[in-house]
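Undergrad: Can you keep this structure in mind? I'll have questions shortly.
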Amino acid sequence: MLDQNTTAQLKTLLERLEGPIELVATIDASDKSAKIKELVEEIAALSDLVTARFDGTNKRTPSFGVAKAGEQPRVFFAGLPMGHEFTSLILALLQTSGYAPKVSAEVLESIKGLGIKSDFDVFVSLSCHNCPDVVQALNLIAIYNPGTTATMIDGAFFQEEVEERKIMAVPMVFQDNEHIGQGRMTLEEIIAKLDTDSAAKDAEKLNAKEAFDVLIVGGGPAGNTSAIYAARKGIRTGIVAERMGGQVMDTMDIENFTSVQKTQGPKFAAEMEAHVREYGVDIMNLQRVSDIKGADETENGLVEVTLENGAKLESKTVILSTGARWREMNVPGEQEYKTRGVAYCPHCDGPLFKGKRVAVIGGGNSGVEAAIDLAGIVEHV
Ligand SMILES: Cc1cc2nc3c(=O)[nH]c(=O)nc-3n(C[C@H](O)[C@H](O)[C@H](O)COP(=O)(O)OP(=O)(O)OC[C@H]3O[C@@H](n4cnc5c(N)ncnc54)[C@H](O)[C@@H]3O)c2cc1C
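The sequence shown begins at 0 in numbering that gives the first Met the number 0 and counts up one residue at a time.
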């Protein structure tokens, strides 16, 4: 299953295990089960701290769970976590053993503070680059919340379930069988969704902030660049953004950023944010601006920015860098069928349309690229 190079890499990574873990597989006589068995055996052979057994009673067959020795598994893989999900597998093995995740102390506290007992299912395709973040976030939540499980389900492995649940976009997340979201989501976004008090807590903190000299609405390349420019002048600068990184979070390869021959969207976004933080800019992520009152409309002569959670921020000046979002066609059915047949990411969601007749709307570069990519998967474009 694993080539020589990957085996060597995995063996080295498993040296970081903090304690013994167990892989618990649930299999039958099918070919898919044979592949899961092979992968599990190969991993177990790479470290004395990993054991495997094949008498599991996981909800899905075939699948395997990852458990701290002596505990029940809370992180499950229903399918082969290869392709983009291989990192999710490595992190699940290490973090289950006690290896500290690379998140801030504040985020880790929020995860532990969720205090939930839920079963999360996330449907993925192995070609989806937006899926691993969601899988890894839910795995981490399961690892730090006893009583919670997280299962990555490869749609190609469980096609009947995909049809039954009408899944036409990945990643798609269910909490205790209730649909709670789809598409790219960061760990922070998922925590905010699960923490029912988070909006009120955030509003209280935001209301207490002093007025800014420059407040930037939008955390994409434009907003981050504005923030660096302003903060370097030594003035009090803040960014308020619905999603830090903006559109670049939705792409992988970027090859036209002068002086950087090739980078990846999420990496570029993380580096932009780190750059902005160097200048002490106050970043208020996952906050949507719903209203702005100009300086001439307020009593104190400051611009007033209202957020969706009700909080109000004040600033001498405001820069709007709210970028762009998927263009909608405004045709009947578009909203109802979003993620149930209307999709926006051909190479994430394409595999779910295997054997189907598909129409690509749009005839620019992206439309043509989507049609070419889909032609290799679907019945007819
Ligand atoms: C799939 C894809 C691939 C791409 N590939 C490339 C490439 O290879 N090279 C290239 O040069 N460009 C590429 N682009 C285009 C590039 O990503 C955009 O030009 C760039 O991100 C625009 O930056 P921006 O800061 O103006 O806006 P955006 O990136 O759109 O950011 C807008 C910001 O505003 C926030 N926002 C919006 N409304 C609100 C609100 N009401 N309240 C709070 N915040 C709000 C958003 O959350 C986001 O943080 C690609 C785009 C996509 C979608």
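For every residue, glycine included, the Cβ atom is placed at its ideal position computed from N, Cα and C.
Remember, it's a predicted structure, so these values are computed and weren't measured experimentally.
#1: Taking 7 Å as the cut-off, is the beta-carbon of S320 closer than that to any non-hydrogen atom of ligand 1?
#2: Ignoring anything shorter than 4 residues or poking outside the region 76–123, list the alpha helix (DSSP H) runs there in chain order.
#3: If you drop the 5 nearest sequence neighbours on each side, which residues of the same chain put their C-beta closer than 6 Å to that of L90?
#4: For ligand 1, is there a heavy atom less than 7 Å away from the beta-carbon of E241?
#5: Are there 16 or more other CB atoms within 10 angstroms of the CB of T185, so buried, or fewer, so exposed?
#6: Use the C-beta contact count for R183: other C-beta atoms within 10 angstroms, 16 or more gives buried, fewer gives exposed.
#7: How would you label I360, buried or exposed, when you count the other beta carbons within 10 angstroms and need 16 or more for buried?
#8: List in chain order: all unbroken beta strand (DSSP E) runs of 3+ residues lying wholly within the region 285–346.
#9: Can the beta-carbon of A77 be found less than 8 Å from the beta-carbon of D153?
#10: Since L445 is in the alpha helix (DSSP H), which residue starts that stretch and which ends it?
#11: Measure from the alpha carbon of L9 to the alpha carbon of each residue in I115, N57, S46 and V317, then state which is nearest.
#12: Hey, does L351 have any beta-carbon neighbour from chain D nearer than 8 Å?
#13: Using a Cβ-Cβ cutoff of less than 6 Å, which residues in the same chain neighbour N308 once the five nearest sequence positions on both sides are dropped?
#14: By the DSSP assignment, the alpha helix (DSSP H) with S225 in it spans what residues?
#15: Between the Cα of F119 and those of P145, I238 and S289, spot the shortest distance and give me the residue it belongs to.
#16: With a cut-off of 8 Å on the beta carbons, I'd call P170 and Q181 a contact; round off their distance for me.
#17: Is it the case that the CB of I253 approaches a heavy atom of ligand 1 more closely than 7 Å?
#18: Should D54 be labelled buried (16 or more other beta-carbon atoms within 10 Å of its own) or exposed?
#19: On the DSSP letters alone, give me the boundaries of the alpha helix (DSSP H) that E270 sits inside.
#20: Please name the residue or residues paired with A66 in a DSSP beta bridge.
#21: DSSP three-state label for R177, please.
#22: Please return the same chain residues whose Cβ sits closer than 6 Å to the Cβ of M271, not counting the five positions on each side in sequence.
#23: Please name the residue in A310, L319, K353 and V123 whose C-alpha comes closest to that of E84.
#24: Measuring only the C-alpha atoms, how far is I238 from E40?
#25: Could you pull the DSSP bridge partners for H379 from this structure?
#26: Hey, how far is the Cα of D290 from the Cα of M283?
#27: Starting from the C-beta of E378, find all residues in its chain whose C-beta is less than 7 Å away, skip the five residues before and the five after it, and write them out in chain order.
TA: In this structure, then:
#1: yes
#2: 85–95 and 104–112
#3: Excluding sequence neighbours, L90 sits near Q135.
#4: yes
#5: buried
#6: buried
#7: exposed
#8: Counting only runs of 3 or more, we get 288–292, 302–306 and 311–319.
#9: yes
#10: The structure shown has nothing for residue 445, since the chain only spans 0 to 380.
#11: S46
#12: Looking for chain D here will not work: only one protein chain is present.
#13: A198, D201 and A202
#14: P220 to A230
#15: P145
#16: 6 Å
#17: yes
#18: exposed
#19: Segment G264 to E277, the alpha helix (DSSP H) holding E270.
#20: E21
#21: The sequence given here places Glu at residue 177; Arg does not occur at that position. Strand at E177.
#22: N223
#23: V123
#24: Those two C-alpha atoms are separated by around 48 Å.
#25: R356
#26: Rounded to the nearest whole angstrom, the CA to CA distance from D290 to M283 is 16 Å.
#27: Around E378: G354, K355 and R356.
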